[in-house]
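Chains as they are written, first to last, in the numbering used here: chain A, 532 to 752; chain B, 532 to 752.
To start, the structure under review is shown below, and the notes come after it.
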DNA sequence: TAAATTATTTTGACTACTCAAAATAGCGCA
DNA sequence: TGCGCTATTTTGAGTAGTCAAAATAATTTA
């Protein structure tokens, strides 16, 4: 049984490789886990010995099938717990991430399955992040973000890819939740700004970086 | 913030001193925690240094007010989680103890309060064990057990003071749950047996040891 | 009262994880 | 071709918790 430290390493490798690149650097991993780079290297060597990851020295690290299975299971627990905390316990959207971070390591598969049923087998968590299936399938879909989508098109928010309380609170206060609709009225790349308009006719400016964290799909598809 | 190891030590000291004796021996504590006695001694010395316990060398250990507060909080989490697992997730009465043992260390006060409200502020868990209040009051009440109560009196089970899956399954199968009614028809102390009759008119023999773990109160009070 | 039994404590060692700081490798660039 | 920058790895050391086994204290028994 992997320790919760091991689970965290594997989960973060999965998250960091989500977008695309197959090799996660020690630097990125160390930042994600809030440890110094040397610690990450040491730990990764141990995880490689135990068959959870493949380590290309000085290149980066990737998950083995075994490691990926563990990581997906942890991610499933994390996202189902978040959904439970928001949907059933009515907790604040922005603060459940830290809670789930703890709970994901101590919840059994039995409890998880019952939670899943209680919630009606949700496909995504409250932030729009896809929940891996029991058998470890992660429904990964490539969406445009507010930084890359077409201008002046009606859009629906499908996902917020950022877990910090501050960002989520900002999103919440400005009605930028999964399901909300809006249009991007313009972009000023030199200034690094995007301007949007939500259905409540409110205009809002956003940095391109922040806009990149809000994923959308065209409204009528 | 005490580690989950520390929380476990404190919780078990509280449980072992519940009945009465103020000093818990290293031997008993080591058995409860499944460690060797030397480990318990070492750990207790550290806990004493940190102000959680008072250690009388070669006599035993007791909780300081600080330690007791921590222990009660853990016990509250444990029992509320058990109640949630049984009442909401409909899990098996006999198996929730092990689950709660993990969850009790990773649940926040915020989540706990909401769970408490969801459950309707229960006074006891599914086994009849009293749930400490938020402010750390433990409603400890002395009940008779099937080993000590009067014979041929109608009784109601209020509590099962044993958490092993096997015992709880046995109790479940024989309708010995909190709330069930029965009478003790006789006792044979030399043989170490008690005979009882449940409302379903079934007769059953039980060791005195087992009988001592089932606490009861007289039916009409 | 002394010997024997039993419980507790001490000692030395090990695992898992971490950091600080020095050593090394790979890279871009002149 | 070699210099310097940056990321990575290595080294040495520390913390938390654990065990095995030897040492010590207390209690029982004779």
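Built from N, CA and C at the ideal position, the CB exists for glycine as well.
**OP:** Out of A:709, A:683, A:703, state which residue places its alpha-carbon closest to the alpha-carbon of residue 718 of chain A.
**Re:** As a first step, residue 718 of chain A is located in the first chain; it is residue number 187 there, counting from the start. The candidate whose alpha carbon is nearest that of residue 718 of chain A is A:683.
Original post:
Could you give the residue range of the alpha helix (DSSP H) that holds residue 642 of chain A?
Top reply: As a working mapping, residue 642 of chain A is identified with position 111 in the first chain. Taken as a continuous stretch (DSSP letters only), the alpha helix (DSSP H) holding residue 642 of chain A covers 640-649.
Original post:
Taking only beta-carbon atoms, is residue 620 of chain B less than 8 Å away from chain A?
Top reply: Reading the second chain from its first residue, position 89 is the one you call residue 620 of chain B. Interface residue, yes.
**OP:** Starting from residue 573 of chain B, follow the alpha helix (DSSP H) in both directions and report where the run begins and ends.
**Re:** What you label residue 573 of chain B is simply residue 42 of the second chain in a count that begins at 1. Per DSSP, residue 573 of chain B belongs to the alpha helix (DSSP H) from 568-580.
**OP:** Answer yes if the stretch 584-604 of chain A comes into contact with the stretch 656-668 of chain A, meaning at least three C-beta pairs across the two stretches below 8 Å, and no otherwise.
**Re:** yes
Original post:
With burial defined as no fewer than 16 other Cβ atoms inside 10 Å of the residue's Cβ, what is the status of residue 731 of chain B: buried or exposed?
Top reply: As a first step, residue 731 of chain B must be located in the second chain, where it is residue number 200. Looking at its Cβ environment, which holds fewer than 16 other Cβ atoms inside 10 Å, residue 731 of chain B is exposed.
Original post:
Can you tell which of B:589, B:610, B:575, B:677 has the C-alpha that lies nearest to the C-alpha of residue 598 of chain B?
Top reply: Reading the second chain from its first residue, position 67 is the one you call residue 598 of chain B. Relative to the Cα of residue 598 of chain B, the nearest Cα in the group B:589, B:610, B:575, B:677 belongs to B:575.
**OP:** Could you tell me which chain B residues have their CB closer than 7 Å to the CB of residue 633 of chain A, listed as they occur along the chain?
**Re:** One-based indexing of the first chain puts residue 633 of chain A at position 102. What residue 633 of chain A touches in chain B: 637.
**OP:** Assign residue 719 of chain A to one of three DSSP states: helix, strand, or coil.
**Re:** Translated into the one-based positions of the first chain, residue 719 of chain A becomes position 188. In the structure shown, residue 719 of chain A sits in a strand (DSSP, three-state: E or B).
Original post:
Quick one: which chain A residues come within Cβ less than 8 Å of residue 649 of chain B?
Top reply: Start at 1 with the first residue of the second chain, and residue 649 of chain B comes out as number 118. The contacting residues are 619, 620.
Subject >> CB contact check: residue 642 of chain A to chain B, cutoff 8 Å >> reply: Within the first chain, numbered from 1, the residue matching residue 642 of chain A stands at position 111. At least one CB atom of chain B sits nearer than 8 Å to the CB of residue 642 of chain A.
**OP:** May I ask whether a heavy atom of the ligand FMN can be found less than 7 Å away from the beta carbon of residue 593 of chain A?
**Re:** The ligand content of the structure shown is nil, which means the ligand FMN is not present either.
Original post:
Does DSSP put residue 544 of chain B in a helix, a strand or coil?
Top reply: Here residue 544 of chain B refers to the residue found at position 13 when the second chain is read from its first residue. The answer is helix: DSSP assigns residue 544 of chain B an H, G or I state.
Original post:
Contact between the stretch 694-706 of chain B and the stretch 623-631 of chain B: three or more CB pairs below 8 Å?
Top reply: yes
**OP:** Measure from the alpha carbon of residue 739 of chain A to the alpha carbon of each residue in A:695, A:726, A:751, then state which is nearest.
**Re:** Taking the first chain and counting its residues from 1, one reaches residue 739 of chain A at position 208. The candidate whose alpha carbon is nearest that of residue 739 of chain A is A:726.
Original post:
Using the rule of at least 16 other Cβ atoms within 10 Å of the residue's Cβ for burial, across every protein chain shown, is residue 709 of chain B buried or exposed?
Top reply: In the second chain, the residue the question calls residue 709 of chain B occupies position 178. Residue 709 of chain B is buried by the Cβ-count criterion.
Subject >> Exposed unless 16 or more other CB atoms sit within 10 angstroms - verdict on residue 685 of chain A >> reply: Stepping through the first chain from its first residue, residue 685 of chain A is reached at position 154. It counts as exposed.
**OP:** Name the one or two DSSP bridge partners that residue 661 of chain B has.
**Re:** Your numbering for residue 661 of chain B matches position 130 in the second chain. For residue 661 of chain B, which the question treats as bridged, DSSP gives the partners B:655.
**OP:** Look at the Cβ atom of residue 573 of chain B, then the Cβ atom of residue 582 of chain B, and state whether they are nearer than 8 Å.
**Re:** Numbered from its first residue, the second chain carries residue 573 of chain B at position 42. Numbered from its first residue, the second chain carries residue 582 of chain B at position 51. Contact flag unset, no.
Original post:
When you compare only the Cα positions, how much space is there between residue 663 of chain A and residue 607 of chain A?
Top reply: As a working note, residue 663 of chain A is residue 132 in the first chain. As a working note, residue 607 of chain A is residue 76 in the first chain. Computed Cα separation, rounded: 5 Å.
**OP:** State the start and end residues of the unbroken alpha helix (DSSP H) segment that holds residue 728 of chain A.
**Re:** Counted from its first residue, the first chain places residue 728 of chain A at position 197. Residue 728 of chain A -> not in any alpha helix (DSSP H); beta strand (DSSP E) instead, spanning 724-729.
**OP:** Rounded to whole angstroms, what's the CA-CA distance from residue 642 of chain A to residue 721 of chain A? Just pull it up for me.
**Re:** Here residue 642 of chain A refers to the residue found at position 111 when the first chain is read from its first residue. Here residue 721 of chain A refers to the residue found at position 190 when the first chain is read from its first residue. Taking C-alpha positions only, residue 642 of chain A is separated from residue 721 of chain A by approximately 50 Å.
Original post:
Excluding the five sequence neighbours on either side, which residues of its own chain have a C-beta within less than 7 Å of the C-beta of residue 610 of chain A, listed in chain order?
Top reply: Reading the first chain from its first residue, position 79 is the one you call residue 610 of chain A. These residues qualify, in order along the chain: 656, 660, 662.
Original post:
Is there at least one Cβ from chain B nearer than 8 Å to residue 560 of chain A's Cβ?
Top reply: As a position in the first chain, residue 560 of chain A is number 29, starting the count at 1. Not one chain B Cβ lies under 8 Å of residue 560 of chain A.
Original post:
For the stretch 645-673 of chain B, which residues have a CB atom closer than 8 Å to at least one CB atom of chain A, in sequence order?
Top reply: Taken in chain order, the members of the stretch 645-673 of chain B whose beta-carbon sits within less than 8 Å of a beta-carbon on chain A are 645, 646, 649.
Subject >> Chain-ordered neighbours of residue 616 of chain A on chain B, where CB pairs are closer than 9 Å >> reply: Against the first chain, residue 616 of chain A aligns to sequence position 85. Per Cβ cutoff of 9 Å: 642, 645.
Original post:
Hey, how far is the Cα of residue 735 of chain B from the Cα of residue 622 of chain B?
Top reply: Walking along the second chain from the start, residue 735 of chain B turns up at place 204. Walking along the second chain from the start, residue 622 of chain B turns up at place 91. The alpha-carbon atoms of residue 735 of chain B and residue 622 of chain B are separated by roughly 27 Å.
**OP:** Compare the C-beta of residue 630 of chain B against all C-beta atoms of chain A and say whether one is closer than 8 Å.
**Re:** If you number the second chain from 1, residue 630 of chain B lands on position 99. Chain A, which has a Cβ nearer than 8 Å to the Cβ of residue 630 of chain B, makes this yes.
Original post:
Below 8 Å between beta carbons: does that hold for residue 658 of chain A and residue 687 of chain A?
Top reply: As a first step, residue 658 of chain A is located in the first chain; it is residue number 127 there, counting from the start. As a first step, residue 687 of chain A is located in the first chain; it is residue number 156 there, counting from the start. Residue 658 of chain A places its beta carbon 8 Å or farther from that of residue 687 of chain A.
Original post:
In the DSSP assignment, what residue or residues form a beta bridge with residue 713 of chain A?
Top reply: Here residue 713 of chain A corresponds to residue number 182 of the first chain, with the count starting at 1. Note: residue 713 of chain A sits in a beta bridge opposite A:686, A:729.
Original post:
Terminal residues of the continuous alpha helix (DSSP H) containing residue 601 of chain A?
Top reply: Here residue 601 of chain A refers to the residue found at position 70 when the first chain is read from its first residue. Here the alpha helix (DSSP H) through residue 601 of chain A covers 596-618.
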